[in-house]
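Asker: Quick note: the sequence shown uses this note's numbering, first residue 801, plus one each step.
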Amino acid sequence: MFDLSGKTALVTGANTGLGQGMALALAQAGADIALIGRSEPTETLAKIAKIGVKSHSILTDLSSADGVADIVAEAASELGRADILVNNAGIIKRNEAIDFTPGEWDAVMDVNLRTLFFLSQAFARHLVAEKKSGKIINIASMLTFQGGIRVPSYTASKSAVGGLTKALANEWAGHGINVNAIAPGYFATNNTAALQADEKRNAEILGRIPSGRWGKPSDMGGAIVFLASAASDYVQGITLPVDGGWLSR
Ligand code: NAP
């Protein structure tokens, strides 16, 4: 039920962090992996090669949605098929809402929401044209549920990802496409480097996590394989928290 042999997964932003953790988990479940991002994913490619599945890297800047159809076509032609899309690439800008600039707003919305939507659309068009089923998994956040502070464009983008996940599930379930999301809690990656380095915030965050530690990229493995596999065929439109219990407090 959780076996992904013979499937191909496209993962954005998989050179590091959660994207790398999820790409490796999908590879361990048997999927071939297309890595889509702006930085050479050297480490991830080497780790996937050790697992023994195929991989292909597509270098592209996801701050623009131009060329998303070409990304899907390249992944499908290089690896033979495209079954799973993980929209993981994302950025955050921290600033007081009162001082927030249009540039900080647009940069985050473009990567976290606009490209996520148009890449999902290109992927769904590919599946519909091929009359194939598939899985889309969006990476949301605790700020899909909460307001956060000093990150207004990030909160807006991730709250929208929760809504969009439901909207796309409603439209595409009939084509055999499952659209779901994972909301990671606090994970130790580049994205949270500023929070980890801030002694006060770090202690506050740890104090609220029932599991008592920051998440590791490998903690995303079970959830991503579940939502990418036949095990979740009747699961639609959910945002699954993987947060060490943060939201339960
Ligand atoms: P990360 O280590 O900073 O990784 C982000 C990934 O996105 C990197 O591969 C990055 O590439 C890529 N990316 C960013 N902008 C891009 C662009 N314009 N074009 C192509 N690729 C781009 O952060 P992470 O923590 O693993 O974050 C992964 C996802 O999880 C994000 O959507 C984030 O919002 C979400 N998330 C993280 C946490 C957490 O606690 N860490 C919590 C909730 C949600 P580069 O390496 O080249 O920058």
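Using N, Cα and C, we set each Cβ at its ideal position, and we do this for glycine too. Here the structure is a predicted model, which means the values were calculated and not measured.
On the premise that P984 lies in contact with S941, defined as a C-beta separation below 8 Å, what is that separation, rounded to the nearest angstrom?
Answerer: Sequence index remark: in the sequence shown, residue 941 carries index 141 (1-based). Sequence index remark: in the sequence shown, residue 984 carries index 184 (1-based). Contact between S941 and P984 holds, since their C-beta atoms are separated by about 7 Å, short of 8 Å.
Asker: Rounded to whole angstroms, how far is the Cβ of I851 from the Cβ of L810, which I believe are closer than 8 Å?
Answerer: Within the sequence shown, the letter at position 51 stands for residue 851. Within the sequence shown, the letter at position 10 stands for residue 810. With a Cβ gap of about 17 Å, I851 and L810 do not count as contacting.
Asker: Kindly examine the ligand NAP and report whether one of its heavy atoms sits closer than 7 Å to the Cβ of P1010.
Answerer: In the sequence shown, the residue the question calls residue 1010 occupies position 210. Outside the cutoff, so no.
Asker: Quick one: what does DSSP say D1043 is sitting in, helix, strand or coil?
Answerer: Start at 1 with the first residue of the sequence shown, and residue 1043 comes out as number 243. In the structure shown, D1043 sits in coil (DSSP, three-state: anything other than H, G, I, E or B).
Asker: Our contact map puts T955 next to A889 with C-beta atoms below 8 Å; I'd like the distance itself, whole angstroms only.
Answerer: Numbered from its first residue, the sequence shown carries residue 955 at position 155. Numbered from its first residue, the sequence shown carries residue 889 at position 89. Wrong, their Cβ atoms sit about 18 Å apart, outside the cutoff.
Asker: Beta carbon of R838, beta carbon of L862: below 8 Å?
Answerer: The residue you call residue 838 lines up with position 38 of the sequence shown. The residue you call residue 862 lines up with position 62 of the sequence shown. Cβ atoms of R838 and L862: closer than 8 Å.
Asker: Quick one: is the Cβ of V911 within less than 7 Å of any heavy atom of the ligand NAP?
Answerer: Start at 1 with the first residue of the sequence shown, and residue 911 comes out as number 111. Within the cutoff, so yes.
Asker: Over the uninterrupted alpha helix (DSSP H) stretch that includes T842, give me the two end residues.
Answerer: Against the sequence shown, residue 842 aligns to sequence position 42. Note, T842: alpha helix (DSSP H), T842 to I851.
Asker: What would DSSP say about A988, mapped onto helix, strand or coil?
Answerer: Within the sequence shown, numbered from 1, the residue matching residue 988 stands at position 188. In this structure, A988 counts as coil in the three-state DSSP scheme.
Asker: Out of G962, F923 and Q921, point me to the one whose CA is closest to I939's CA.
Answerer: Residue 939 sits at position 139 when you count from the first residue of the sequence shown. Selected option, being the one with the closest Cα: G962.
Asker: A829 and D870: beta carbons closer than 8 Å?
Answerer: Taking the first residue of the sequence shown as position 1, residue 829 is located at position 29. Taking the first residue of the sequence shown as position 1, residue 870 is located at position 70. Not in contact: A829 and D870 (Cβ atoms no closer than 8 Å).
Asker: Can the beta-carbon of E904 be found less than 8 Å from the beta-carbon of K893?
Answerer: Translated into positions along the sequence shown, residue 904 becomes position 104. Translated into positions along the sequence shown, residue 893 becomes position 93. The answer is yes: Cβ separation under 8 Å.
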